[in-house]
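Q: So the sequences go chain by chain: A and B.
Going by our numbering, the first residue of the first sequence is number 1, and it counts up by one from there.
Going by our numbering, the first residue of the second sequence is number 359, and it counts up by one from there.
A single structure is presented below for examination.
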Amino acid sequence: MFYREVGQYKTNYVADQAVFPILQDRIGLGVILLIAFVVIPLTGDDFLLNAVMIPFLIFSLAAMGLNILTGYTGLLSLGTGAFMGVGAFACYKLTTIFPNVNILIWVICSGFFSAAVGALFGLPSLRIKGFYLAVATLAAQFFLDWCFIRIPWLYNYNASGAIQVPQRMLFDIPITGPTATAMTRYYVVLTIVVAMTWVASNLVRGRIGRMWMAIRDMDIAAELIGIRPLPTKLTSFAVSSFYCGVAGALLVFLWYGGAEADVFNVNQSFLILFMVIIGGLGSLLGSYLGAALIFILPIVLRMLPPALGLEIRSVTVEHLTFVIIGVRIIVFLISEPHGLARLWQVTKQKLRVWPFPY
Amino acid sequence: MRAPSEKEAKTAEVLLAIEDVSLSFGGVKAIRGVSFDIRKGEIRAIIGPNGAGKTSMLNVINGFYHPQEGRITFRGEQRRAMRPYAAAQGGIARTFQNVALFRGMSALDNIMAGRTLKMRKNFFWQMLRHGPAMAEEVEHRRKVEEIIDFLEIQHIRRTQVAKLPYGLQKRVELGRALAMDPDLLLLDEPMAGMNLEEKEDMSRFILDVNSQYGTTIALIGHDMGVVMDLSDRVVVLDYGRKIADGTPEEVKSNQAVIDAYLGVAH
Ligand SMILES: Nc1ncnc2c1ncn2[C@@H]1O[C@H](COP(=O)(O)OP(=O)(O)OP(=O)(O)O)[C@@H](O)[C@H]1O
Ligand SMILES: [Mg+2]
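See the structure below:
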């Protein structure tokens with residue numbers, strides 16, 4: 001009744017090609033942005049910003065990166081963690097070598113390092129697919145993991161073997177390091193993630209997105225309409241790794257404030273993969289939903305029982321989280337391979353025709 | 359059979375020539391020394407019983423298979439084998455025997471994908487999707503909408519193709535091939551698995567593409583039915599060999615062809 005396109009006629013193709021052709025969707029997006037930029041910072045405490053929102057946004061970005069590769073191009077990767085690590089270490093090296101250049105420039109630049117490494121490890125994808133490609137990316141994961149630990153130059157020979165994030169300013173406000181407030185870091189992360197989501201949505205809706213999806217759905221037919229598999233797959237690896245790299249740099253510089261190599265191990269890769277599967281392969285919205293479910297749910301589980309006056313041990317919570325996530329992955333793989341994003345679409349479709357389904 | 363274009367075809371220049379092409383897979387000889395040509399503007403049928411080598415022949419033409427022997431001359435350029443990308447760039451488009459659409463994409467996106475080679479705006483503009491990139495997108499969308507109107511599939515533009523019935527999928531696939539503005543359109547069994555009405559629609563589309571856009575068409579059929587009636591000239595293959603080549607009437611009365619078709623269980 002209230003959500004439908006009836007009466008909203010598109011008079012030209014530009015309007016018809018908008019991301020949210022339906023007015024209610026555009027209003028919805030506006031409301032979400034308003035909440036993210038105004039309501040949450042005004043009403044939220046440090047805990048909400050620091051422990052929930054900042055990591056949620058960063059994981060959404062990483063999930064978006066993997067989704068470009070796996071969901072849109074159909075190439076399975078288990079190297080996400082390592083590509084995030086490349087971004088983090090690149091950013092660290094860059095800012096220690098050139099401390100006077102603004103850190104945000106280095107955060108974005110670190111994405112290019114990660115993109116290059118990703119494209120390099122994407123080369124085998126011309127010949128191998130599916131399971132075998134996943135194994136090849138796993139090899140990349142282990143190799144890069146090894147580099148992060150064994151090449152002390154990467155962490156400036158710190159005795160701890162960890163990255164220590166220095167303080168960096170933007171307009172005289174500290175945005176990284178111990179003195180940066182949760183609020184500033186939240187705004188920085190939010191702005192970058194929103195901008196990169198916008199770019200990703202532009203890419204997937206245009207020529208490049210269609211090339212990725214064509215390769216995913218039927219690579220032979222794609223080749224016969226003039227889409228060359230190798231450059232297309234490598235672009236996807238590069239863009240995907242760029243997103244993961246920036247996410248990695250943000251993770252260390254704007255959330256942890258310091259990190260060891262094992263943050264970027266294979267567990268991280270799997271975590272991001274689960275987010276993409278649960279959220280929805282081939283959907284940007286799904287990347288957010290998946291990150292929310294996998295990252296925010298455990299927090300809620302931890303806080304809910306005490307709030308209800310129940311005693312629950314943290315170990316139990318941890319186990320419970322694993323069980324719930326595991327069950328959900330199985331359920332989604334079996335019943336709804338397109339994840340939460342698809343459920344949302346189905347709901348919208350129902351709303352569109354409600355209350356007269358015929 | 360359309361008398362006027364039949365005459366034109368005799369005089370028109372050769373667009374594609376196949377000479378002594380042989381192709382084998384291990385011990386299986388799919389094509390044995392076949393030669394024929396396709397002239398500009400004609401509708402050329404390739405028919406033959408199951409396993410005759412028709413699909414293999416299309417695969418040779420657009421570079422998906424590389425023949426062990428023979429030459430292919432396309433627009434006067436002679437080569438040993440085509441390459442898929444070069445064939446696409448040279449204006450050869452095709453449809454497949456078992457529909458090969460991009461199943462996860464909408465009908466509109468499938469057809470838009472057919473215009474990939476014509477879209478030039480680089481990665482930077484694609485990221486912004488404004489200015490030149492949007493102008494380009496709209497320009498091609500307009501062209502694609504023409505094709506959608508032509509094929510009468512307006513109502514399913516936004517539908518994911520995997521959800522469409524077979525007959526409509528075949529139409530979308532034709533649309534994707536047409537989006538390439540091809541000079542040579544290869545259709546592998548465009549009528550297979552269709553009901554009578556769908557066959558009539560498809561026949562009409564094929565004739566219209568040929569007459570409106572002047573596209574040269576090579577189409578495959580495995581019986582002597584509809585496909586033959588649409589075409590100006592027919593090649594008949596059997597067990598990888600060419601057994602006849604000529605106008606539909608000539609082919610229909612050819613004894614070797616009759617034998618080949620009788621030899622197959624009816
Ligand atoms: N990729 C391949 N590998 C091995 N053998 C093949 C391959 N492609 C075709 N063949 C063989 O080549 C021969 C010709 O096959 P082709 O598909 O070209 O026949 P067709 O005329 O299209 O038949 P149909 O009417 O069944 O489509 C068959 O014996 C087939 O088994
Ligand atoms: Mg065939």
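Beta carbons are placed, not taken as given, at the ideal position from N, Cα and C, and that holds for glycine.
#1: Give me the subset of the region 211-229 of chain A whose CB atoms are less than 8 Å from a CB atom of chain B, sorted by chain position.
#2: With B:K398 and B:A370 assumed to form a contact (beta carbons below 8 Å), what rounded beta-carbon distance in angstroms separates them?
#3: Using a Cβ-Cβ cutoff of 7 Å, what residues of the region 466-479 of chain B are near chain A? List them in chain order.
#4: Which of the residues in the region 560-571 of chain B, read from start to end, lie with their CB under 8 Å from any CB of chain A?
#5: Can A:L66 and A:I272 be called in contact, C-beta distance under 7 Å?
#6: Excluding the 5 residues flanking B:D581 on each side, which residues of the same chain have their C-beta closer than 6 Å to its C-beta?
#7: Taking Cβ-Cβ distances shorter than 7 Å, what residues in chain A pair up with B:F383?
#8: Determine the extent of the alpha helix (DSSP H) in which A:R185 is found, giving its start and end residues.
#9: Spell out whether any CB of chain A is found under 7 Å from the CB atom of B:F482.
#10: Of all the CB atoms in chain B, is at least one closer than 7 Å to the CB of A:L340?
#11: Cβ of A:Y186 within 7 Å of Cβ of A:I105?
#12: Can you tell which of A:L310, A:V204 and A:Q164 has its C-alpha closest to the C-alpha of A:K93?
#13: Between the alpha carbons of B:E510 and A:L293, how many angstroms are there, rounded?
#14: Short of 8 Å Cβ to Cβ, which residues in the region 186-212 of chain A face chain B?
#15: In the DSSP assignment, find the unbroken alpha helix (DSSP H) run with A:S240 in it and report its ends.
#16: Relative to chain B, which residues along the region 284-309 of chain A have a C-beta separation below 8 Å, given in chain order?
#17: Could you name the residues that DSSP lists as bridge partners for B:R591?
#18: Is A:M64 closer than 7 Å to A:C244 when the C-beta atoms are compared?
#19: Anything in the region 398-420 of chain B with a Cβ closer than 7 Å to a Cβ of chain A? List those residues in chain order, please.
#20: Under the three-state reduction of DSSP, which class applies to B:I578: helix, strand or coil?
#21: Return yes when the C-beta of B:K528 is under 6 Å from any heavy atom of ligand 2, and no when it is not.
#22: Residues of chain D with a CB under 9 Å from the CB of B:L486: which are they?
#23: Using a strict less-than 7 Å threshold between each residue's beta carbon and the heavy atoms of ligand 2, what residues do you get?
#24: Can you tell me whether B:K412 is helix, strand or coil according to DSSP?
#25: If I follow the unbroken beta strand (DSSP E) through B:D395, where does it start and stop?
#26: Shortest alpha-carbon distance to B:Q484 belongs to which of B:L475, B:E495 and B:A550?
#27: Could you work out which residues of chain B lie near A:G282, taking near to mean beta carbons separated by less than 9 Å?
#28: Please report the residue range of the beta strand (DSSP E) in which B:F383 lies.
#29: Hey, A:A341 and A:L289 are a contact pair by Cβ (cut 8 Å); roughly how many whole angstroms apart?
A: Answer, in terms of the structure:
#1: Near chain B, meaning a CB-to-CB distance below 8 Å, the residues of the region 211-229 of chain A are M211, M213, A214, R216, D217, M218, I220, A221, A222, E223, L224, I225, G226, I227 and R228.
#2: Right, their Cβ atoms sit about 5 Å apart.
#3: For the region 466-479 of chain B, the set of positions with a beta-carbon nearer than 7 Å to some beta-carbon of chain A reads D467, M470, A471, G472, T474, L475 and M477 in chain order.
#4: Under the 8 Å Cβ criterion, the region 560-571 of chain B contributes no residue.
#5: Against a cut-off of 7 Å, the Cβ pair of A:I272 and A:L66 comes out as a contact.
#6: If we look at B:D581 and ignore the five residues flanking it on each side, it has no Cβ neighbours.
#7: Near B:F383 there are no residues of chain A at all, since even the closest Cβ is about 17 Å away, more than 7 Å.
#8: Counting along the chain, the alpha helix (DSSP H) containing A:R185 begins and ends at A182 to R205.
#9: No, because no Cβ of chain A sits closer than 7 Å to the Cβ of B:F482.
#10: Between A:L340 and chain B, the shortest Cβ-Cβ separation is not below 7 Å.
#11: Cβ distance not < 7 Å, so A:Y186 and A:I105 don't count as in contact.
#12: Nearest C-alpha to A:K93: A:Q164.
#13: When rounded, the distance between both Cα atoms is 43 Å.
#14: The residues in question are V199, N202, L203, R205, G206, R207, I208, R210 and M211.
#15: Taken as a continuous stretch (DSSP letters only), the alpha helix (DSSP H) holding A:S240 covers P229 to L250.
#16: Residues passing the 8 Å Cβ filter: none.
#17: Paired residue(s): B:R402.
#18: Going by C-beta atoms, A:C244 is not nearer than 7 Å to A:M64.
#19: Residues passing the 7 Å Cβ filter: N420.
#20: B:I578 carries a strand assignment under DSSP once its states are collapsed to helix, strand and coil.
#21: The answer is no for B:K528.
#22: This model lacks chain D altogether, as its protein chains are A and B.
#23: Every residue passing the under-7 Å Cβ criterion appears here: B:K412, B:T413, B:Q455, B:D546, B:E547 and B:I578.
#24: In this structure, B:K412 counts as helix in the three-state DSSP scheme.
#25: B:D395: member of the beta strand (DSSP E) spanning V386 to R397, first to last residue.
#26: It is B:E495.
#27: Per Cβ cutoff of 9 Å: G462.
#28: Per DSSP, B:F383 is one residue of the beta strand (DSSP E) stretching across V372 to F383.
#29: Contact annotation, A:A341 with A:L289: C-beta distance approximately 6 Å; criterion of less than 8 Å satisfied.
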